[in-house]
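Chemist: I am attaching a structure below and will ask some questions about it afterwards.
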Amino acid sequence: MKETISVLIPEKEIERRVAELADSISKDFDGKTITLICILKGGIMFMVDLAKKIKQNVEFDFMDVSSYGNGTESSGNIKIDKDLKNPIEGKNIIIVEDIIDSGRTLKYLYRYLKDKKPANLKICTLLDKPERRVFDINVDYTGFEIPDEFIVGYGLDYAEKYRNLPYIGVLKTE
Numbered sequence: 024m025k026e027t028i029s030v031l032i033p034e035k036e037i038e039r040r041v042a043e044l045a046d047s048i049s050k051d052f053d054g055k056t057i058t059l060i061c062i063l064k065g066g067i068m069f070m071v072d073l074a075k076k077i078k079q080n081v082e083f084d085f086m087d088v089s090s091y092g093n094g095t096e097s098s099g100n101i102k103i104d105k106d107l108k109n110p111i112e113g114k115n116i117i118i119v120e121d122i123i124d125s126g127r128t129l130k131y132l133y134r135y136l137k138d139k140k141p142a143n144l145k146i147c148t149l150l151d152k153p154e155r156r157v158f159d160i161n162v163d164y165t166g167f168e169i170p171d172e173f174i175v176g177y178g179l180d181y182a183e184k185y186r187n188l189p190y191i192g193v194l195k196t197e
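For what it's worth, the numbering used here labels the leading residue of the sequence shown as 24, then goes sequentially.
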């Protein structure tokens with residue numbers, strides 16, 4: 024199978040937008056410690072770049088939540104492969120997600136984390152595909168709205184490939 028990738032969002036545009044998101048978060052949580060919960064694996068590059076630009080103290084935790092497997096369509100089966108290491112009760116939490124499409128996984132995750140009683144629970148996503156939305160999700164910080172294409176790069180993969188691309192690209196397979 025032949026795979027081709029075309030650039031959708033260049034590296035410099037990602038850098039600019041991540042800085043803007045970090046500024047917004049810094050203002051909203053002025054003087055407060057924030058815990059960023061990275062949704063692995065796709066969100067790791069985004070979270071690291073975002074955290075470096077947030078002006079106050081930032082803590083990290085990680086979750087691995089999957090619904091894709093090795094395909095390009097969600098299986099619909101959500102599973103937590105890695106849960107939080109630390110309690111989040113009373114903390115200011117921001118879920119850091121690479122991409123939101125149907126909203127199925129994030130809706131599940133949001134409810135799961137809300138039950139752990141954080142002081143604040145916000146969502147920050149690099150990419151949003153609103154036309155694929157099946158479940159209503161209130162996203163607090165959005166990097167880019169994108170078309171309904173299969174996206175790779177900057178942490179996002181296709182069968183574990185292309186995560187290291189410094190840009191966001193559209194993957195086509197033949």
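Beta carbons: idealized from backbone N, C-alpha and C, even for Gly. Values in this document were obtained by computation on a predicted structure and should not be read as measured data.
1) If you count every other CB in all the chains shown that lies within 10 Å of the CB of Asn115, and 16 or more means buried, which is it?
2) Taking the beta carbon of Phe158 as the centre, do at least 16 other beta carbons fall within 10 Å, making it buried, or is it exposed?
3) Express the C-alpha separation of Met86 and Pro33 in angstroms, rounding to a whole number.
4) Return the chain-ordered list of same chain residues with a C-beta closer than 6 angstroms to the C-beta of Tyr30, the five sequence neighbours on each side being excluded.
5) Classify Asp104: buried if its beta carbon has 16 or more other beta carbons within 10 angstroms, exposed otherwise.
6) Nearest-angstrom Cα distance between Asp46 and Ile101?
Modeler: Reading off the structure:
1) buried
2) exposed
3) 27 angstroms
4) Residue 30 is actually Val in this sequence, not Tyr. Contacts found: Tyr190, Gly192.
5) exposed
6) 32 angstroms
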